[in-house]
Amino acid sequence: MKTFIALSLFVAIASAGTLPAVEQRLPLVPVMPLEELEGRITNGELAKPGQFPYQVGLSLVFGNKGAWCGGTLISNRWILTAAHCTDGADGVTVYLGATDIKNDNEKGQQRIYSSKSYIVVHADWDASTMANDISLIKLPVPIEFNDLIQPATLPKMDGKYSTYVGEMVWASGWGRDSDNATGVSQFLRYIEVPVMKQSTCKTFYFGSVTEKMICIKTVDKKSTCNGDSGGPLVYKDGDVNYVIGATSFGILLGCEKGWPGVFTRVTSYLDWIEEISGVSIRYGLTMKTFIALSLFVAIASAGTLPVVEQRLPLVPVMPLEELEGRITNGELAKPGQFPYQAGLSLVFGNKGAWCGGTLISNRWVLTAAHCTDGADGVTVYLGATDIKNDNEKGQQRIYTSKANIVVHANWDASTLSNDISLIKLPVAVEFNDLIQPATLPKMDGKYSTYEGDMVWASGWGRDSDAATSVSQFLRYIEVPVLKQSTCKTYYLGTVTDKMICIKSVDKKSTCNGDSGGPLVYKDGGVNYVIGATSFGIALGCEKGWPGVFTRVTSYLDWIEEVSEWNKVKPMYLVSMYPAPPAMRQDEKNYGKDPVVLNLEKETMPDEMITKEAMNRIFGGSEAHQNSFTYQVGFLLQRPKGLYWCGGSLISPEYVLTAAHCVDMASRALVFLGAHDIKNAHEPGQIRMMVYHRDFIIYPTWNPRRLKDDIALVHLPKSG
């Protein structure tokens, strides 16, 4: 299969204050003898500050080397560039508002670092054919627009300029300014050239050019060149700059040889861009947008609840009707009734906001993206019912910085799609009667829709339409899940299958301040969190309109991926069995003196060996004392009580066991040299306490698929 050299990047060992020396990346087989494809602005004009406010420079990191590319700012969070630039990058420093990239003190220039987790390469990018040479980079924080920094506009979908053949277009970048140059240009340059006919362009590259590419003529030796890769090709219509291409490749014989420059055609990827970034393109400026769940934003004041103002004031879907967050007319909760409920006091500059959340493990809280997007930090309230009472028994408050807030990469404030976020606690919380995690839904689909099921919503949101601030006390409602088709009729297409709706019965609903809070389906003693409060109708929380929640089952893979070590899915496998009553009845003394656990009162009950315990020892022979000296037993403290597991001693300091045993456990009593575990005075038997910090779970442990189900337990040093 024919292959060819990708747009060569300027790869170099980074050196302070100097532009990188270059070497080629992606050295592929050329299409024609001695002629290789490369990236490529030569003989262009020097740009003035603010002339190309959408132009972005990208200083990429590949291990101990660097590369330079261009890009196009398309929103306050997203940059469009080429896949061959970002593929395999460890991170990127984004230059905004720059003309002189060597001048750290240039007026208005900004540099923002994004890690590789913010880089999205098109899934079908093919380096051998240069197909789908497109990528997106998300900035970690929204940027402020000014005279030097403005986004380009994505092309309209009406096809008015779908080919652009013969139109004059603008290309810009810091690429080599001549074939003799050995490094990228210090100063931003540009050219204005016509778009070439597709059929003509194809004759130059022998079938390499597809309809998803767009070509420019090289006029008077003006073209794109090395270092311009990923940069913008723009069609100007009045004051509007439409980005129609991203620099992809050219001919390595030289940028001044008269061969066409080839770009990725942006109109071919508008749906992909919209899907990944949420940048509105389909209807231009007429695209309907609407009010996000309004947060309770306020200047923080000690000892008082915040006065409210709305955030995210977007264009409403319907006249006079705005979407907002929304528990009204609910019952007062009792301490411990909703142990998974979290309260979130968020900081935005010199203001604050209140939201709800759901504790899903000892380190992670689930909430809504519209709550945390742009937050500088958050104080998490756990075990609380009265948020105004600093001395409430069992209430804990833990501060976590913005570095521990993860907003879904495809969150879109204009459509409220992917309105989900996770907050990592800086320390593991200890579970008790007031603080327990909710359980993520099962994957069997038994309750995938929940339509008609009674569910529970809770929070500190406004308790009536007349209230002007969040409630001091935790409240709850029990309401049925609404049919999806019915809910969609209320919100005119806003509701997707990744959302779930509740009926507003007797004026009971969620309200402002409940944003991000839990929607829970109770199955016996298990609380399944199936939703995170997203939006409702701003006409009032008592108007009878459905409350809309982010559907958790649609994001289980994302939750698993983000939350470290997959510690959010409780597993009760057959190899991990509840401890016998003899152990459980002394659970209140657990950890105080492990030797005095009253294990002598009863024999090990028959219930420990049942048809459910499929991987326990059936029909086996009783072991002789000291015949299995490596055998270890664990009595584990987990959220639902005490559980029993086994393990293997592999060194004086480590025990090998299963990840599903220690996952979610806060501590464990370790049995060594034991034959009769009910006999605390058995000769040679040793018992010692280990804690959560001593559990080392394999990083890729997957509780749903039972993948990499292995862990180590570090034993304390004797003596």
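For the sequence shown, the positions run -16 to -1, 1 to 703 when mature numbering (1 follows the signal peptide of the UniProt record, and there is no 0) is used.
Cβ coordinates follow ideal geometry from the N, Cα and C atoms, glycine included.
- Thr202 and Ser183 have their C-alpha atoms roughly 16 Å apart.
- Sixteen is the threshold: when 16 or more other Cβ atoms of the shown chains lie within 10 Å of the Cβ of Thr534, as they do, the residue is buried.
- Val331 and Tyr474 have their C-alpha atoms spaced approximately 33 Å apart.
- Counting C-beta atoms within 10 angstroms of its own C-beta, Phe612 has fewer than 16 neighbours from the protein chains shown and is therefore classed as exposed.
- As for any alpha helix (DSSP H) of minimum length 4 sitting wholly inside the region 348 to 414, the runs are 353 to 356, ordered along the chain.
- Nearest C-alpha to Phe233 among Trp256, Gly159, Val224, Gln609: Gly159.
- One thing to note: Asp693 has its Cβ within 7 Å of the Cβ of His644.
- Per the coordinates, the alpha-carbon of Leu633 lies some 4 Å from the alpha-carbon of Val639.
- Each residue's CA atom was taken as its position, placing Ala664 and Asp71 some 59 Å apart.
- Per DSSP, Ile543 is one residue of the alpha helix (DSSP H) stretching across 540 to 546.
- One alpha carbon belongs to Asn225, the other to Ala67, and they sit about 22 Å apart.
- Rounded to the nearest whole angstrom, the C-alpha separation of Gly515 and Leu503 is 5 Å.
- Shown here, Gln609 sits in coil according to DSSP, grouped into three states, outside any helix or strand.
- The residue from Asp396, Arg671, Trp444 with its alpha-carbon nearest to that of Ser329 is Trp444.
- When secondary structure is reduced to three states using DSSP, Gln35 falls in the coil class, being assigned neither helix nor strand.
- DSSP assignment within the region 80 to 113 yields no whole alpha helix (DSSP H) run of 4 residues or more.
- In the three-state reduction of the DSSP assignment, Trp338 falls in the strand class, which pools E and B.
- For Tyr512, the beta-bridge partners assigned by DSSP are Thr423, Tyr505.
- Here the alpha carbon of Ile85 sits roughly 50 Å from the alpha carbon of Leu690.
- The C-alpha of Val218 is placed about 58 Å away from the C-alpha of Leu316.
- When Cβ pairs closer than 8 Å are counted between the two stretches, the region 95 to 102 is seen not to touch the region 252 to 264, the count staying below three.
- The Cβ atoms of Ile661 and Gly630 lie no closer than 7 Å to each other.
- Here Arg347 is not near Tyr365, since their CB atoms are 7 Å or more apart.
- Here Asp223 is exposed: its Cβ has fewer than 16 other Cβ atoms, across all protein chains shown, within 10 Å.
- Of all C-beta pairs linking the region 418 to 426 to the region 435 to 444, fewer than three are shorter than 8 Å, placing the two stretches out of contact.
- The bridge partners DSSP lists for Ala155 are Ile175, Leu217.
- Taking 7 Å as the cut-off, the beta carbon of Pro216 is found no closer than this to the beta carbon of Ile133.
- The Cβ atoms of Gly500 and Thr399 do not sit closer than 7 Å to each other.
- Contact between Ser405 and Cys355 holds: their C-beta atoms lie close to 7 Å from each other, under 8 Å.
- Counting along the chain, Leu690 sits inside no beta strand (DSSP E), nor does DSSP assign it H or E at all.
- For the set Thr248, Cys339, Gly262, the Cα lying nearest the Cα of Ser455 is the one of Cys339.
- DSSP places Trp256 within a helical segment (H, G or I) once states are collapsed to three.
- DSSP places Ala115 in the strand class (E or B) of the three-state scheme.
- If the five residues before and after Val413 are omitted, its C-beta is found closer than 8 Å to the C-beta atoms of Leu343, Asn346, Arg347, Leu366, Gln380, Ile382, Ile419, all from its own chain and listed in chain order.
- Counted as a single uninterrupted DSSP element, the beta strand (DSSP E) harbouring Ala51 occupies residues 49 to 57.
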